[in-house]
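Just so we're aligned, residue 0 is where the sequence shown starts under numbering that gives the first Met the number 0, counting upward by one. Scroll down for the structure; my scribbles are underneath it.
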Amino acid sequence: MCTTYLTTEILKNTNLDLIGFPKLVRLNPNIPLKTRGNAAISLTLGRGEGEKEVVGRIGEERVNSYKRYREEKMDVDVMSIIEKHSPKDKDTNPALLIVKEKSNENFYWDAVREFVDYRKVLDKTRGEFSSMNGQIGVVGANAAVSWSGHNPTFELIAYLEKGKWTGEHFVDDSSSMLIEKSFPDTFDNFDFKNNYNAIRPTTKTPILFGIRGLDPARLIRYEQYVESEPYSSYVVYETNQATDDHLVERSIGESKLYNSSIIRGFVGSGPVWDRGGILSFDIQMEGERIRAVAMEPTKEFRSLLSNLRRGDAVRVYGGITRTEIINIEKIEVVSVSRITAVRPPLCKNCKIRMESVGKNRGFRCRKCGSKSKMGEERIEERGISPGFYEVPIIARRHLARPLKLGIVK
Ligand SMILES: [Zn+2]
0 MCTTYLTTEI LKNTNLDLIG FPKLVRLNPN IPLKTRGNAA ISLTLGRGEG EKEVVGRIGE
60 ERVNSYKRYR EEKMDVDVMS IIEKHSPKDK DTNPALLIVK EKSNENFYWD AVREFVDYRK
120 VLDKTRGEFS SMNGQIGVVG ANAAVSWSGH NPTFELIAYL EKGKWTGEHF VDDSSSMLIE
180 KSFPDTFDNF DFKNNYNAIR PTTKTPILFG IRGLDPARLI RYEQYVESEP YSSYVVYETN
240 QATDDHLVER SIGESKLYNS SIIRGFVGSG PVWDRGGILS FDIQMEGERI RAVAMEPTKE
300 FRSLLSNLRR GDAVRVYGGI TRTEIINIEK IEVVSVSRIT AVRPPLCKNC KIRMESVGKN
360 RGFRCRKCGS KSKMGEERIE ERGISPGFYE VPIIARRHLA RPLKLGIVK
């Protein structure tokens, strides 16, 4: 089920206080074993002291968060909550890790960027670990407790009451449009070109909607702008969404299967359209090449990329989900090449355009018969200029940083 829903269930069942924000950590999006959202959550619980702030609501009760705290004994059996909400299916591998302090941050970086062997993680894991259906969940659990929260974004997630999860749900498109237009510190709310309401999940889940943004206190204010059916709770998470944390600048040769890389190079052959609306082109650099691909769900981004030409210098950001193929999330066009085309010249006598006599055999005027060896060179007008371009909201991955938030890599 939706991992984040456990936050409300754990908070409902504990008398401890929430310290800091609940963390929602997305992991390497290219891993074939992943769950749909590929998320892990982490909560810090203790006895809160001093200042508190509201970070959610469960039923009629506010969820407070404290910055300072005293250590307390765990008063809730989290594993039994996980068991209660896990599908009885052996392909789901929930895991719980309880630690007294943050683990080494490399657990996070590996899980967001690499293909990790869970047995190696298990060997190095400290703390109280429990799991169901195998131990693979240790990767996500360790990643979540070791994330330092560098350059985070926030998401306010609203949950439906239990028993109302199936069927169609109502979240008004116009409220999502309003948030997209009015609040520039939010992102990925509404895709106007593709008429897609991105705050509402498209699959069966306890989540009614989620608003993503940079300021947690403002997100709570924006909640009132969402017109929807009633919901029972909401929680604001600190997340690694929109951080580009998964991306590493690598050469073509260094980029391995399941990596997300930023690859610098020159456009070689292509772009070409393939069956299923797939657009692709080669990137070359120092004798190496990789195929850059934009799939059908990336919509109008493909037409834009179709303007690339041989020799254009690019930096492609994307995931390597198949050997020698990079799925483009965004692209920097560093420079465009000058492309010239030769066409028949105008006849000096008749002012009409000459005709080609044959390949490399010059041109001749149909009317007066005068000849010319030289064609007229014309610089092709390019349909793309240097700059950054990205897939539309409808195709955006959780970790991918929207351009409106600024470039960090
Ligand atoms: Zn002529």
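Beta carbons are placed, not taken as given, at the ideal position from N, Cα and C, and that holds for glycine.
Using the Cα positions of K89 and E82, report the straight-line distance between them to the nearest angstrom.
Rounded to the nearest angstrom, the two C-alpha atoms are 12 angstroms apart.
What do you reckon, is the C-beta of I351 under 8 angstroms from a heavy atom of ligand 1?
yes
According to the Cβ coordinates, are Q283 and F300 closer than 9 angstroms?
No, Cβ-Cβ distance for Q283 and F300 is not below 9 angstroms.
Is S369 a contact residue of ligand 1, with contact defined as CB to any heavy atom under 8 angstroms?
yes
Please name the residue, chosen from S147, P86, V137, M131, that lies closest to D122 on a Cα-to-Cα basis.
Closest in alpha carbon position to D122, among S147, P86, V137, M131, is V137.
Just grab the DSSP bridge partners of L17 for me.
L44, S64
Q134 by DSSP, collapsed to three states: which one?
The answer is coil: DSSP assigns Q134 none of H, G, I, E or B.
How many whole angstroms separate the CB atoms of R365 and E323, which I take to be in contact at a CB cut-off of 8 angstroms?
The pair is not a contact, with the Cβ atoms about 50 angstroms apart (cut-off 8 angstroms).
What does DSSP give as the partner residues of R314 in its beta bridges?
R263, E331
Is E237 helix, strand or coil by DSSP?
Here E237 sits in strand by DSSP.
Between which residues of its own chain and R125 is the CB-CB distance below 8 angstroms, once the five residues before and five after are set aside?
Cβ neighbours of R125 beyond the five flanking positions: V98, S102.
Would you mind working out which of V54, V356, E376, I325 sits nearest A409, comparing C-alpha positions?
Coverage of the chain is limited to positions 0 through 408, which leaves residue 409 absent and any answer about it impossible.
Proximity test, K366 beta-carbon vs ligand 1 heavy atom, cut-off 8 angstroms
yes
Classification of C346 by the beta-carbon crowding that lies within 10 angstroms, buried from 16 upward
buried
Use the C-beta contact count for D16: other C-beta atoms within 10 angstroms, 16 or more gives buried, fewer gives exposed.
Buried, by the Cβ-count rule.
Can you tell me which residues form a DSSP beta bridge with D281?
In the DSSP output, where bridge partners are listed per residue, D281 has R290.
So the beta strand (DSSP E) V115 belongs to, where does it begin and stop?
Neither: V115 is in no beta strand (DSSP E) and is coded neither H nor E.
Kindly indicate which residue of S254, D214, F280, R363 has the alpha-carbon position closest to the one of L404.
By alpha-carbon distance to L404, the top candidate from S254, D214, F280, R363 is D214.
Quick check on this structure: which residue in L304, S181, S85 has the alpha carbon closest to the alpha carbon of S173?
S181
Whole-angstrom Cβ separation of T2 and A38, contact assumed at under 8 angstroms?
5 angstroms
Does the Cβ of N193 lie closer than 8 angstroms to at least one heavy atom of ligand 1?
Closer than 8 angstroms to some heavy atom of ligand 1: that does not describe the Cβ of N193.
So, under 8 angstroms CB-CB, S259 and H245 are touching, yes? Tell me the CB distance rounded to an integer number of Å.
4 angstroms
Reduced DSSP secondary structure (H/G/I, E/B, other) of Y230
coil
Quick check on I73: buried or exposed, where buried means 16 or more other Cβ atoms within 10 Å of its Cβ?
Per the sequence shown, the amino acid found at residue 73 is Met instead of Ile. Exposed, by the Cβ-count rule.
Return yes when the Cβ of I40 is within less than 9 angstroms of the Cβ of Y236, no when it is not.
yes
In angstroms with no decimal places, state the Cα-to-Cα distance between I325 and Y388.
Roughly 16 angstroms between the two C-alpha positions.
Apart from the five residues just before and just after T297, which ones in its own chain have a Cβ nearer than 6 angstroms to its Cβ?
Around T297: V390, A394.
Please work out which residues of its chain come closer than 8 angstroms, Cβ to Cβ, to V53, disregarding the five sequence neighbours upstream and downstream, and give them in chain order.
R61, V62, N63, S64, I219
Could you have a look at F362 and say whether DSSP puts it in helix, strand or coil?
strand
According to DSSP, which residues form a beta bridge with G386?
V332
Three-pair Cβ contact test at 8 angstroms for the region 155-171 versus the region 181-194:
no
Going straight from the alpha carbon of I206 to that of R337, what length do you get?
50 angstroms
So, using beta-carbon positions, are I277 and E295 closer together than 9 angstroms?
E295 sits close to I277, with the two beta carbons spaced by under 9 angstroms.
Suppose you measure from the CA of I261 to the CA of K370; what does that come to, to the nearest Å?
51 angstroms
Under three-state DSSP, which class holds E8?
helix
Once you ignore the five residues that flank Y210 on each side, which residues in its own chain have a CB closer than 8 angstroms to its CB?
Note that residue 210 is Ile in the sequence shown, not Tyr. Same-chain partners within the cutoff: E154, L155, I178, T185, N188, I198, L218, Y221, E222, V225.
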